[in-house]
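Here's the structure we're looking at; comments come further down.
Protein chains: 2
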Amino acid sequence: MSAMQRSVVLRRRPVGEPTPEDFEIFESVVPAPGPGEVVTRTIWLSIDPYMRGRLWDRPSYAAPVQIGEAMTGETVGEVIASADPAFVPGDVVLGPRGWQSHCVSPAAALTKLNRDAAPLQAFLGVLGMPGTTAYSGMKDIGQVKAGETVVISAASGAVGSVAGQLAKRAGARVVGIAGGPDKCLWVQETLRFDDCVDHHVPNLGQALAAACPNGIDVYFENVGGAVQHAVFPLLNPFGRMIMCGMIAQYNDASPPPGPNLGTVVGKRLRIEGLIVTDKPQRAAEWRDVASPWVKQGSLHYRETVIDGLENAPAALQMVLTGGNFGKMLVRVGSDPV
Amino acid sequence: MSAMQRSVVLRRRPVGEPTPEDFEIFESVVPAPGPGEVVTRTIWLSIDPYMRGRLWDRPSYAAPVQIGEAMTGETVGEVIASADPAFVPGDVVLGPRGWQSHCVSPAAALTKLNRDAAPLQAFLGVLGMPGTTAYSGMKDIGQVKAGETVVISAASGAVGSVAGQLAKRAGARVVGIAGGPDKCLWVQETLRFDDCVDHHVPNLGQALAAACPNGIDVYFENVGGAVQHAVFPLLNPFGRMIMCGMIAQYNDASPPPGPNLGTVVGKRLRIEGLIVTDKPQRAAEWRDVASPWVKQGSLHYRETVIDGLENAPAALQMVLTGGNFGKMLVRVGSDPV
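Going line by line, the protein sequences match chains S and A.
Position 60, counted from 1, in the first sequence is what this note's numbering calls 613; the numbers after and before it change by one each time, with no gaps.
Position 217, counted from 1, in the second sequence is what this note's numbering calls 770; the numbers after and before it change by one each time, with no gaps.
Okay, structure coming up:
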């Protein structure tokens, strides 16, 4: 096997917003698989906001990417060689194989996918990590009851769009926050949220209060910053904040102050952080729950696709500035025949 | 019955720190009890930080005290007349009867006390609302495991002293934060906390980090402000913040910003507010658990006593500025013979 493998590696740690110049392409020969290993070619690469965290050299729940190392990321790929009995060439697999055209992985790191269940890239979005995040956030922290008001920031995003649709299924009044009229329209008309507020309005707090006449019982936090400050005073007694992400500050070396926490006492708020991999069972659970909904067309999602592995850095830049619409994907290779 | 009843009523809403001039004494004739009612004379009045919240005219979990109305508060008193079969003169009772020398209450609002279980004022402190708050905070939110590090602010206070002793009983390393060397010494030598940091030190964050070499797993929050900002970065993954009070800001019209909440996600922190009355069963549960400990002398507490109902405003001022040491009490009348 002498095919060439291309990897996007970190060239230097970005200051502020990451740019394509912070990365470079590294080429090498695709190695042969050792015992228990599988070689795949990448078809789809997932681009997610959390990746900004891997570029900081500071303590976090996951180790940072090192200079010269390939960026981490989830992919869907096709097996092209296998030294493990569980996989044969032609199998389509999900795995954390990074920003690479090919990858040698231990078989245990891969999940075989059912090609007929959904378009392959859906396993990186609505049926994958972002969808599972929304599901776990709602199930493990939000615990939404019918009649409650739920606010979702980054409502048209891969996580927010699923979180809000789950809240609608639970019988809640669901209000999205999104950037720009196109996203807000889609959130209301396609996702069927009860309302969606554009975070560019001059007085976000006022607009949100008008959209939430009964206050806010559950807030699914993907954004932070000014959006969080607008939501916080509107939370009702016994309100829950599902702390999933704070994309507005991922490029900040010194993040801005948060809301004063005094009202947490009197309102008995619960503010709780979520990392989807803490409950690994949720991934398969969610695929089982949501695959029929995707097939029926009752769970909606949207994608922004960029072609070519070399454009992964631009895709990350886009996702961190809200330039994407729905799940951000890089098409690295063609679908299997 | 023509005894005179004295009440301390709110004269005007304080700006900043409440002073005695914000209150005045109102005298009236003690009424006779109607059917189902009980008349008591007050022996002990509890003074607690939450009372500052009742002086603001703004939405909260409890209604504000109105101008001209007697201040609310828990008391221990003696029944002097009863029109309810459950009580007879001479009974000693616990109840929310406010800053008053006498009070007519519905019988259902009163709890008969066992005079032999503990000194009567203990039912307002270690065995009462503050002790129950510590117990509920640890049981319902903190869930401390042996070997964890627990930090308690206002560690010598009525709530903090119990919270820390409970954490010690659970096998945790317990670090207090208190104001001044006397309180810190008592917290270490009598309460047997592993360490106690004086919040007046020049670099509280550094002192706290030195006292918590393994980080902080549970923080019992009674203070807010600079203390909260010092604790927050030291919280470990899966850390819990029991949000019980933020006395440092109770006099502020516009509370200062809080910590940026970005790390809540990656560390999966849980920040949760506590109001002790939400789980009413905890009060009797705690009296049963803790009364033997008080009798044995294995649960320590300390009191600051001021004599005379007319000095209740000064006692509140003292508790809000840390001038008290342990549970703040006003002795309104003599113990029953």
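We treat Cβ as the ideally placed atom computed from N, Cα and C, and that holds for glycine.
DSSP puts Cys-765(A) in a beta bridge; with which residues?
To locate residue 765(A), count along the second sequence from 1; it is residue 212. In DSSP, Cys-765(A) forms no bridge with anything.
Tell me, please, which residues DSSP counts as bridged to Tyr-772(S).
Locating residue 772(S) in the first sequence gives position 219, counting from the first residue. Tyr-772(S) pairs with Val-704(S) and Met-794(S).
Through-space distance from Asp-693(A) to Gly-681(A), alpha-carbon basis:
The sequence position of residue 681(A) within the second sequence is 128, counting from 1. The sequence position of residue 693(A) within the second sequence is 140, counting from 1. If you take the alpha carbons of Gly-681(A) and Asp-693(A), they lie about 17 Å apart.
At 7 Å on the CB atoms, spell out the chain A contacts of Met-796(S), in chain order.
Within the first sequence, the letter at position 243 stands for residue 796(S). The contacting residues are Leu-814, Val-817 and Val-818.
From the DSSP output, which residues share a beta bridge with Trp-739(S)?
For the purposes of this step, residue 739(S) is taken as residue 186 along the first sequence, with counting starting at 1. Note: Trp-739(S) sits in no beta bridge, so no partner.
Can you check which of these residues, Ala-764(A), Ala-662(A) and Gly-606(A), is closest to Val-750(A) by C-alpha distance?
Numbered from 1 along the second sequence, position 197 holds the residue referred to as residue 750(A). When each option's Cα is compared against that of Val-750(A), the closest is Ala-764(A).
Straight-line Cα distance separating Pro-584(A) from Thr-874(A)
Within the second sequence, numbered from 1, the residue matching residue 874(A) stands at position 321. Within the second sequence, numbered from 1, the residue matching residue 584(A) stands at position 31. Looking at the two C-alpha atoms, the distance is approximately 36 Å.
So, is Ser-714(A) buried or exposed, given that buried needs 16 or more other C-beta atoms within 10 angstroms?
Within the second sequence, residue 714(A) is the residue found at index 161, counting from 1. Buried.
Tell me the DSSP secondary structure of Gly-678(S) in three-state form.
Translated into the one-based positions of the first sequence, residue 678(S) becomes position 125. Coil.
Gly-733(S) versus Asn-877(S): straight-line alpha-carbon distance, rounded:
The sequence position of residue 733(S) within the first sequence is 180, counting from 1. The sequence position of residue 877(S) within the first sequence is 324, counting from 1. About 12 Å.
Count the other C-beta atoms from every protein chain shown that fall within 10 angstroms of the C-beta of Ser-709(S), then say buried if there are 16 or more, exposed otherwise.
Mapped onto the first sequence, residue 709(S) falls at position 156. Buried is the call here.
What's the C-alpha gap between Arg-605(A) and His-752(S)?
Mapped onto the second sequence, residue 605(A) falls at position 52. Mapped onto the first sequence, residue 752(S) falls at position 199. When rounded, the distance between both Cα atoms is 36 Å.
Measure the Cβ-Cβ separation of Ile-633(S) and Arg-565(S) and say whether it is below 8 Å.
Locating residue 633(S) in the first sequence gives position 80, counting from the first residue. Locating residue 565(S) in the first sequence gives position 12, counting from the first residue. Their beta carbons are not under 8 Å apart, which means Ile-633(S) does not touch Arg-565(S) by this criterion.
Can you tell me whether Thr-874(S) is helix, strand or coil according to DSSP?
Taking the first sequence and counting its residues from 1, the one referred to as residue 874(S) is at position 321. It is coil, neither helix nor strand.
How long is the line joining the alpha carbons of Asp-888(A) and Ala-716(A), rounded to whole angstroms?
Within the second sequence, the letter at position 335 stands for residue 888(A). Within the second sequence, the letter at position 163 stands for residue 716(A). Approximately 29 Å between the Cα atoms of the pair.
Interfacial residues, the stretch 775-786 of chain S to chain A, with Cβ spacing under 9 Å:
Gly-777 and Gln-781
For a contact meaning CB atoms closer than 7 Å, what does Glu-825(S) contact in chain A?
Here residue 825(S) corresponds to residue number 272 of the first sequence, with the count starting at 1. Here the neighbours are Arg-823.
Please report the distance separating the alpha-carbon of Gly-651(A) from that of Lys-832(A).
As a working mapping, residue 651(A) is identified with position 98 in the second sequence. As a working mapping, residue 832(A) is identified with position 279 in the second sequence. Approximately 22 Å, taken between the alpha carbons.
Which term fits Pro-571(S), buried or exposed, when burial requires 16 or more other beta carbons within 10 angstroms of its beta carbon?
The residue labelled residue 571(S) in the question sits at position 18 within the first sequence. So Pro-571(S) counts as buried.
So which residues on chain A does Gln-802(S) lean against when the C-beta distance must stay under 8 Å?
Here residue 802(S) corresponds to residue number 249 of the first sequence, with the count starting at 1. Residues of chain A passing the Cβ test: Asn-813 and Gly-815.
Whether Leu-862(A) touches Trp-597(A) by CB criterion (8 Å)
The residue given as residue 862(A) occupies position 309 in the second sequence. The residue given as residue 597(A) occupies position 44 in the second sequence. Their beta carbons are not under 8 Å apart, which means Leu-862(A) does not touch Trp-597(A) by this criterion.
What are the start and end residues of each continuous alpha helix (DSSP H) run of 4 or more residues lying completely inside the stretch 810-853 of chain S, in chain order?
815-819 and 834-849
Mind checking who His-655(A) pairs with in its DSSP beta bridge?
As a working mapping, residue 655(A) is identified with position 102 in the second sequence. Paired residues: Arg-594(A).
For Ala-836(S), is the classification buried or exposed, using 16 other Cβ atoms within 10 angstroms of its Cβ as the cut-off for buried?
Mapped onto the first sequence, residue 836(S) falls at position 283. Looking at its Cβ environment, which holds 16 or more other Cβ atoms inside 10 Å, Ala-836(S) is buried.
Start-to-end residues for the beta strand (DSSP E) that takes in Leu-647(S):
By 1-based counting over the first sequence, the position of residue 647(S) is 94. From DSSP, the beta strand (DSSP E) with Leu-647(S) extends over 645-648.
Bounding residues of the beta strand (DSSP E) (the contiguous stretch that carries Leu-882(A))
Here residue 882(A) is taken as the residue at index 329 of the second sequence, counted from 1. Per DSSP, Leu-882(A) belongs to the beta strand (DSSP E) from 880-884.
Taking 8 Å as the cut-off, decide whether the C-beta atoms of Glu-825(S) and Val-771(S) are in contact.
Counted from its first residue, the first sequence places residue 825(S) at position 272. Counted from its first residue, the first sequence places residue 771(S) at position 218. In this structure, Val-771(S) does not lie closer than 8 Å to Glu-825(S) by Cβ.
Could you check whether Arg-668(S) and Val-703(S) sit closer than 8 Å to each other, using their CB atoms as the reference points?
Taking the first sequence and counting its residues from 1, one reaches residue 703(S) at position 150. Taking the first sequence and counting its residues from 1, one reaches residue 668(S) at position 115. For Val-703(S) and Arg-668(S), no; Cβs fall outside 8 Å.
With a CB to CB cut of under 7 Å and the five nearest residues on each side skipped, what residues in its chain are close to Met-871(A)?
Taking the first residue of the second sequence as position 1, residue 871(A) is located at position 318. Once the five neighbours on either side are set aside, the close Cβ partners of Met-871(A) are Asn-877 and Met-881.
Quick check on DSSP: helix, strand or coil for Glu-574(S)?
As a position in the first sequence, residue 574(S) is number 21, starting the count at 1. Correct three-state label for Glu-574(S): helix.
With C-beta atoms as the reference, is Val-776(S) less than 8 Å away from Ala-801(S)?
Here residue 776(S) refers to the residue found at position 223 of the first sequence. Here residue 801(S) refers to the residue found at position 248 of the first sequence. In this structure, Ala-801(S) lies closer than 8 Å to Val-776(S) by Cβ.
Can you tell me whether Asp-770(A) sits near the ligand GDP, meaning its C-beta is under 7 Å from at least one heavy atom of the ligand?
Absence of the ligand GDP from the depicted structure is noted, as is the absence of any ligand whatsoever, leaving it without description.
Proximal residues of chain S, C-beta to C-beta of Asp-831(A) below 7 Å:
Taking the first residue of the second sequence as position 1, residue 831(A) is located at position 278. Those within 7 Å of Asp-831(A) in chain S are Arg-821.
Assess contact between the stretch 790-801 of chain A and the stretch 756-763 of chain A, defined as three or more Cβ pairs (one per stretch) separated by less than 8 Å. Is contact present?
no
List the residues of chain S that Tyr-614(A) touches, going by C-beta distances under 8 Å, in chain order.
Taking the second sequence and counting its residues from 1, the one referred to as residue 614(A) is at position 61. Residues of chain S passing the Cβ test: Pro-790, Gly-819, Lys-820 and Arg-821.
Please determine, among Ser-613(A), Ala-699(A), Val-592(A) and Gly-724(A), the residue with the shortest C-alpha to C-alpha distance to Ser-654(A).
Taking the first residue of the second sequence as position 1, residue 654(A) is located at position 101. Taking only the C-alpha atoms, the option nearest Ser-654(A) is Val-592(A).
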